[in-house]
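Following: one structure in structure tokens, then a few remarks.
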Amino acid sequence: MRLTETRDKLYSIIAHDLKGAFFGINGLIELLIDELKESNSKDKIEKSIKTLSLVHLSSNNAYELLENLLDWIRVQNGEISIEREEVDIAQLLSYSFSIFETSAAKKRVTVNLEPSDVHIMADANMLSTVFRNLISNAIKYSEKDGEINVNINESGHSVTISIKDSGIGMTPEIKDQLFDKENRPQRRGTLSEKGTGLGLLLCKDLVEAHNGTITVISEEYKGSEFIVSLPKS
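First residue of the sequence shown: 831, per the numbering used here; consecutive thereafter.
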């Protein structure tokens, strides 16, 4: 019963967030239409381009939220089964970062991915979802000219992936609530990007489905480091 209540509460919150996101997108589109009608100067055109950038950002946020929600529902309903295959961790991370090249470029964030030839037996789609969310957060909470460092370490029968940013970090209270289904902290990024916390819940479920762990080290104003530990097979 408690789990059902928690799910219903999450669905209600997320539905509200999605409605707000699409409402914001529609408002920006209406504003853009008005601006384009009067775009007879360079300043007006530049203003319209900025508005389009906001539309793009809002659209991406809404899509990411919806994608996470659908994945999380499937996990909670037991509809996801692990399909293991040989996965090149560095290659998968590199692909995940490429999705956010534009977002990183806007903040002039430098990404350092250490070369690695580590392979594990895992579900590539699940790990891609985990990396996508962790990378999105690292960029979201990075200041301009920030840095993200990614390291892959192999030890015995396990592999550890560290994604460390130089961003705004978090308070102990926020850190303690990151994986709490009932009290998810909702924070905005350094460019007011929306964060619902659902992505981290999904990451935890997907990592644990692989018999792995996810932990975080963070201090306010000193960045955050998310550490994913996975068995090789």
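Ideal placement from N, C-alpha and C gives every residue a C-beta, glycine not left out.
Predicted, not measured: the structure shown is a model, and the values here were computed from it.
Backbone CA spacing between residue i and residue j [nearest angstrom]
| i | j | result |
| --- | --- | --- |
| residue 1059 | residue 990 | 4 Å |
| residue 1056 | residue 877 | 37 Å |
| residue 999 | residue 969 | 12 Å |
| residue 966 | residue 1036 | 17 Å |
| residue 831 | residue 982 | At residue 831, the pLDDT of 48 sits below 50, so the modelled position is not reliable; the number obtained from the coordinates is stated separately. Going by the C-alpha atoms only, they are around 40 Å apart. |
| residue 1033 | residue 858 | 31 Å |
| residue 1023 | residue 1039 | 29 Å |
| residue 957 | residue 860 | 38 Å |
| residue 986 | residue 1010 | 31 Å |
| residue 892 | residue 1044 | 25 Å |
| residue 1021 | residue 1050 | 17 Å |
| residue 1046 | residue 906 | 23 Å |
| residue 1016 | residue 1048 | 16 Å |
| residue 935 | residue 1019 | 15 Å |
| residue 1005 | residue 868 | 47 Å |
| residue 959 | residue 974 | 25 Å |
| residue 939 | residue 908 | 37 Å |
| residue 1041 | residue 1007 | 22 Å |
| residue 955 | residue 1003 | 32 Å |
Beta-ladder partner(s) of residue i, from DSSP
| i | result |
| --- | --- |
| residue 1056 | 993 and 1046 |
| residue 965 | In the DSSP output, where bridge partners are listed per residue, residue 965 has none listed. |
| residue 771 | Shown here, the chain extends from 831 to 1063; a query on residue 771 therefore has no answer. |
| residue 940 | 977 |
| residue 984 | 989 |
| residue 917 | 950 |
| residue 1061 | 988 |
Own chain residues within Cβ distance below 7 Å of residue i, not counting five before or after
| i | result |
| --- | --- |
| residue 961 | 922, 923 and 926 |
| residue 995 | 968, 971, 972, 976, 978, 1053 and 1054 |
| residue 1001 | 1050 |
| residue 988 | 1059, 1060, 1061 and 1062 |
Cut-off 8 Å between Cβ atoms - residues of its own chain near residue i, not counting five sequence neighbours on either side
| i | result |
| --- | --- |
| residue 865 | 874, 877, 878 and 881 |
| residue 942 | 977, 978, 979 and 980 |
| residue 862 | 878, 881, 882 and 885 |
6 Å CB neighbourhood of residue i in its chain, flanking five on each side removed
| i | result |
| --- | --- |
| residue 913 | 953 |
| residue 1052 | 999 |
| residue 904 | 910 |
| residue 932 | none |
| residue 944 | 981 |
Nearest-angstrom Cβ-Cβ length linking residue i and residue j, presumed shorter than 8 Å
| i | j | result |
| --- | --- | --- |
| residue 948 | residue 984 | 5 Å |
| residue 1054 | residue 997 | 7 Å |
| residue 937 | residue 972 | 6 Å |
| residue 929 | residue 946 | So it is not a contact: roughly 19 Å between Cβ atoms. |
| residue 964 | residue 993 | 5 Å |
| residue 951 | residue 1062 | 7 Å |
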